[in-house]
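K.L.:
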Amino acid sequence: MTPAPVPAAVAPTGGPTPHPDARTRLARLLADDPSADDVLARWDRWGFDLIVALDSLYPGTDVMANVVDLLAAGHANRPDHLRARDRDRLLSPDWFQRPDAVGYAAYTDRFAGDLNGVAARIDYLSELGVTYLHLMPLLEPRPGANDGGYAVLDYGRVRPDLGTMADLACLSRKLHEAGISLTLDLVLNHVAREHAWATAARSGERNFRDYFMVFDDRTEPDRYEASLPEVFPDFAPGNFTWDDDLAGWVWTTFNSWQWDLNWANPDVLCEFVAIVLNLANQGVDCLRLDAIAFLWKRLGTNCQNQPEVHTITQALRAAARIAAPSLIFKAEAIVAPDALVAYLGRGPRAGRVSDLAYHNTLMVQVWSALATRDGRLMAEALSHFREIPTTTAWATYLRCHDDIGWAVDDADAVAVGWSGSGHRAFLSDFYVGDHPASFAEGQAFQEDPATGEKRVSGTAASLAGLGRARSALQRRLAIDRVLCGYAMIMGFGGIPIIYMGDEIALLNDDDYRSEREHADDSRWLHRPKMPWQVVAQLSEEDSNAHLMYAGLRRLIRTRARLESLHATVGTQVYSTSNPAVVRFVRRHPAGDVVQVYNVSDRAVSVPAAEVNGHYTGLVYDQLSEATVPTVAGSYVLAPYATLWLTDPPA
Ligand code: GLC
Numbered sequence: 015m016t017p018a019p020v021p022a023a024v025a026p027t028g029g030p031t032p033h034p035d036a037r038t039r040l041a042r043l044l045a046d047d048p049s050a051d052d053v054l055a056r057w058d059r060w061g062f063d064l065i066v067a068l069d070s071l072y073p074g075t076d077v078m079a080n081v082v083d084l085l086a087a088g089h090a091n092r093p094d095h096l097r098a099r100d101r102d103r104l105l106s107p108d109w110f111q112r113p114d115a116v117g118y119a120a121y122t123d124r125f126a127g128d129l130n131g132v133a134a135r136i137d138y139l140s141e142l143g144v145t146y147l148h149l150m151p152l153l154e155p156r157p158g159a160n161d162g163g164y165a166v167l168d169y170g171r172v173r174p175d176l177g178t179m180a181d182l183a184c185l186s187r188k189l190h191e192a193g194i195s196l197t198l199d200l201v202l203n204h205v206a207r208e209h210a211w212a213t214a215a216r217s218g219e220r221n222f223r224d225y226f227m228v229f230d231d232r233t234e235p236d237r238y239e240a241s242l243p244e245v246f247p248d249f250a251p252g253n254f255t256w257d258d259d260l261a262g263w264v265w266t267t268f269n270s271w272q273w274d275l276n277w278a279n280p281d282v283l284c285e286f287v288a289i290v291l292n293l294a295n296q297g298v299d300c301l302r303l304d305a306i307a308f309l310w311k312r313l314g315t316n317c318q319n320q321p322e323v324h325t326i327t328q329a330l331r332a333a334a335r336i337a338a339p340s341l342i343f344k345a346e347a348i349v350a351p352d353a354l355v356a357y358l359g360r361g362p363r364a365g366r367v368s369d370l371a372y373h374n375t376l377m378v379q380v381w382s383a384l385a386t387r388d389g390r391l392m393a394e395a396l397s398h399f400r401e402i403p404t405t406t407a408w409a410t411y412l413r414c415h416d417d418i419g420w421a422v423d424d425a426d427a428v429a430v431g432w433s434g435s436g437h438r439a440f441l442s443d444f445y446v447g448d449h450p451a452s453f454a455e456g457q458a459f460q461e462d463p464a465t466g467e468k469r470v471s472g473t474a475a476s477l478a479g480l481g482r483a484r485s486a487l488q489r490r491l492a493i494d495r496v497l498c499g500y501a502m503i504m505g506f507g508g509i510p511i512i513y514m515g516d517e518i519a520l521l522n523d524d525d526y527r528s529e530r531e532h533a534d535d536s537r538w539l540h541r542p543k544m545p546w547q548v549v550a551q552l553s554e555e556d557s558n559a560h561l562m563y564a565g566l567r568r569l570i571r572t573r574a575r576l577e578s579l580h581a582t583v584g585t586q587v588y589s590t591s592n593p594a595v596v597r598f599v600r601r602h603p604a605g606d607v608v609q610v611y612n613v614s615d616r617a618v619s620v621p622a623a624e625v626n627g628h629y630t631g632l633v634y635d636q637l638s639e640a641t642v643p644t645v646a647g648s649y650v651l652a653p654y655a656t657l658w659l660t661d662p663p664a
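So the mapping is simple: our numbering equals the position in the sequence shown, first residue as 1, plus 14.
1. Assuming Phe444 is part of the alpha helix (DSSP H), what are its boundary residues?
2. Evaluate contact between the stretch 373-391 and the stretch 288-307, counting only Cβ atoms and requiring at least three cross-stretch pairs below 8 Å.
3. Determine the DSSP secondary structure at Phe399, reduced to helix, strand or coil.
4. Throw me the rounded Cβ distance for the His89 and Asp51 pair, which I believe falls under 8 Å.
5. By the 10 Å Cβ neighbour count, where 16 or more other Cβ atoms means buried, how is Pro663 classified, buried or exposed?
6. How many angstroms separate the CA atom of Leu242 from the CA atom of Gly158?
7. Which residues in the same chain have their Cβ closer than 6 Å to the Cβ of Ala36, if we skip the five residues on either side of it in sequence?
8. Smallest Cα separation from Arg92: which of Gln328, Val53, Leu521?
9. Only counting the same chain, and skipping five residues up and downstream in sequence, which positions put a Cβ closer than 8 Å to that of Ala421?
10. According to DSSP, is Val24 part of a helix, a strand, or is it coil?
11. Alpha carbon to alpha carbon, what distance is there between Gly479 and Asp114?
12. Who does His7 pair with in a DSSP beta bridge?
13. Beta-carbon separation of Thr590 and Arg600 under 9 Å?
14. Classify Ala458 as helix, strand or coil using the three-state DSSP reduction.
15. Roughly how many angstroms separate the alpha carbons of Tyr72 and Ala581, rounded to a whole number?
16. What are the boundary residues of the alpha helix (DSSP H) that includes Ala98?
17. Exposed or buried, what is Pro17 when buried is set at 16 or more other beta-carbons lying within 10 Å of its beta-carbon?
18. Secondary structure at Arg246, three-state DSSP: helix, strand or coil?
19. For Val428, is the classification buried or exposed, using 16 other Cβ atoms within 10 angstroms of its Cβ as the cut-off for buried?
20. May I ask whether a heavy atom of the ligand GLC can be found less than 8 Å away from the beta carbon of Phe268?
21. Note the first and the last residue of the continuous beta strand (DSSP E) segment covering Gly170.
22. My parser needs the alpha helix (DSSP H) runs of 4 or more residues fully inside the stretch 331-389; what are they?
23. Could you work out which residue in Asn612, Gly627, Ile402 is closest to Ala364 when comparing CA atoms only?
24. Along the chain, where does the alpha helix (DSSP H) containing Pro155 start, and where does it finish?
25. Should Arg207 be listed as close to the ligand GLC, given that the test is whether its C-beta is under 8 Å from any heavy atom?
26. Just reading off the beta strand (DSSP E) that Glu639 is part of, what are its end residues?
27. Helix or strand or just coil, what does DSSP make of Asp123?
28. Have a look at the DSSP bridge pairing and note the partners of Ile512.
29. Determine the burial state of Asp123: buried for a count of at least 16 other Cβ atoms within 10 Å of its Cβ, exposed for fewer.
30. For the alpha helix (DSSP H) that Lys311 lies in, which residues bound it at each end?
31. For Phe249, which residues of its own chain have a beta-carbon under 6 Å away from its beta-carbon, when the five flanking residues on both sides are left out?
32. Just to confirm, are Leu196 and Asp94 a CB contact at a threshold of 9 Å?
33. Which residue wins for smallest C-alpha separation from Gln272, given the options Asn279, Ala501, Thr255, Gly262?
34. For a cutoff of 9 Å on Cβ pairs, would you count Pro157 as touching chain D?
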């Protein structure tokens, strides 16, 4: 197969739209709907993106008519309060880019028992400053091992012990009232082996067999395997699984019971249009496109980041814009920088695909800088990022529910005088605590014996050394290390996402080893249960939880009032003459900001002229709310010090 052509861009306004019959069909289906005019106006704005994408993916099929029917049905089921939200969000499309936007990610059961329990904790989230809540997979998964819910059995049902769809709709409404948006995962690369589509395929229904990638013998799988990496080599080697019922090899990128979908089949796309609109109609504001990079397979490639992945996203997004426009998409693509920016749109897809994407490089570089006490590699790695569309933003994070893979580019490492493989092996050892200079306490995930590289699990506080701290000084350093990392992800612009428990300095949870379904997956080490008794004691001023919480709150509050942290502009990252000091520069019409970070555990100094550069007036630190003194023309920075410098307040 040759790569699909990138759909040409044509301005959505002006000029005739192809498929005039599709608009007529939509108008007819909406004839009795009081907001038909709104929907048709949105068709005129986004229908073109949909048409171009569907024509390119599925030429010569009747998928367009089916999708139009789904849009009409999806809109018909949209409750009035969400139609009102659609209007509000169309007027404030930058809601997720604003400096007061702060995310929080948690498993429902581990955070609060069930969905009603989450509703009862809204005050806690609001107090912290959270405006965006990502509840980890909560749709009904397969019984037994299910990859933390990423093996969905039924997209129309909530996991029974967490509640019902009605509870979900009720929770989203309460969150909205508190100014918090709701994000859920959309697992669209694969379904559980027990999902109804897979069951039908296994019972011999040909059209459902076509929902998956099934091969009668090893010929094709072997040809694909020649260029395919393995995601879980330890517990799920290979990318294909033999299934007796299918009498064939089914594509399984992840676990053997997660069956990859065949997105070349337009019926799969239609199923997901319906799923997306149904979730949007429960009040979900953002869908995290899980493992989106893997959606389209092409022989001779690693079957990631294929152009069709973006065309599929464009189709789903355009569909949502028409029927439920307050919904946005967040790409989970843990891929190299050039491939990553495409998820926010490059060329004709700029502004037409995901609204948010995880900034994996920033996360890795923060941990790398903290381990080496050196910010030069970070500056090098981030200097290659292209600009992203001004309508999109990064989702920044210090930890998430997954392992950290040491995605350090060889050329970047060489540029600062290091070796890529050497540095990746160093970070692997460092963060599992096997290096003499290490402060960290992580565990390996999927070790690669050939390279010595280990992906790493562990909570932010444990990776930063809080569990190993033996003195008051070490304890303070560990907390400040985490806060320095959080300052970077909060100062960068975009929506910073706090992983549950980081705000109270939760340490690793070794109990996962005693749970049969989790024991072989060390990622459960950093998915602890929320200890609410610790929250109840947050006022104990010298506790780890208090220090961390107070530090994070200060960052969040400061950030919220700095208009110049709005994600419309990007951040440039520079090293300085002191390797331990990194400088983030944000040039914004609302006021420039220069941020300074000491990534080391020593006090260091750096010439003020170098920090401020052209911005000589930026001497006021917004975090400490004071003008920063210089000593003999230099700033003296305490271990892990963070300055967000602006013009002094008027
Ligand atoms: C994503 C999830 C990860 C999961 C994988 C397969 O990468 O973040 O937890 O294992 O997809 O669904």
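Even glycine gets a Cβ: it sits at the ideal position worked out from N, Cα and C.
P.N.:
Well, looking at it:
1. 434-445
2. no
3. coil
4. In fact, because the Cβ distance is near 12 Å, the residues do not count as touching under 8 Å.
5. Of the other Cβ atoms in all chains shown, fewer than 16 fall within 10 Å of the Cβ of Pro663; this residue is therefore exposed.
6. 28 Å
7. Met78, Val82
8. It is Val53 whose Cα lies nearest to the Cα of Arg92.
9. Excluding positions up to five away in sequence, the list reads Ile348, Ala350, Asn374, Thr375, Val378.
10. Note that Val24 scores a pLDDT of 46, beneath 50, so its modelled location is shaky; the value from the coordinates is reported in the next line. In the structure shown, Val24 sits in coil (DSSP, three-state: anything other than H, G, I, E or B).
11. Their Cα atoms are separated by approximately 29 Å.
12. Outside the shown range of the chain (15 to 664) lies residue 7, about which nothing can therefore be said.
13. no
14. Correct three-state label for Ala458: strand.
15. 35 Å
16. 94-105
17. Caution is warranted here: a pLDDT of 44 is assigned to Pro17, below 50, making its placement in the model unreliable, and the coordinate value is therefore given only provisionally. Looking at its Cβ environment, which holds fewer than 16 other Cβ atoms inside 10 Å, Pro17 is exposed.
18. It should be pointed out that residue 246 corresponds to Phe in this sequence rather than to Arg. Under the three-state reduction of DSSP output, Phe246 falls in the coil class, being neither helix nor strand.
19. exposed
20. yes
21. 166-172
22. 351-355, 374-386
23. When each option's Cα is compared against that of Ala364, the closest is Ile402.
24. Where Pro155 is concerned, there is no enclosing alpha helix (DSSP H), although the beta strand (DSSP E) it sits in stretches over 153-155.
25. no
26. Run containing Glu639: none; DSSP gives neither H nor E here.
27. When secondary structure is reduced to three states using DSSP, Asp123 falls in the helix class.
28. Paired residue(s): Tyr118.
29. buried
30. It is not in any alpha helix (DSSP H) - Lys311 carries neither H nor E in the DSSP assignment.
31. Excluding sequence neighbours, Phe249 sits near Asp534.
32. With a cutoff of 9 Å on beta-carbon distance, Leu196 and Asp94 are scored as not near each other.
33. Thr255
34. Included in the structure is just one protein chain, with no chain D present.
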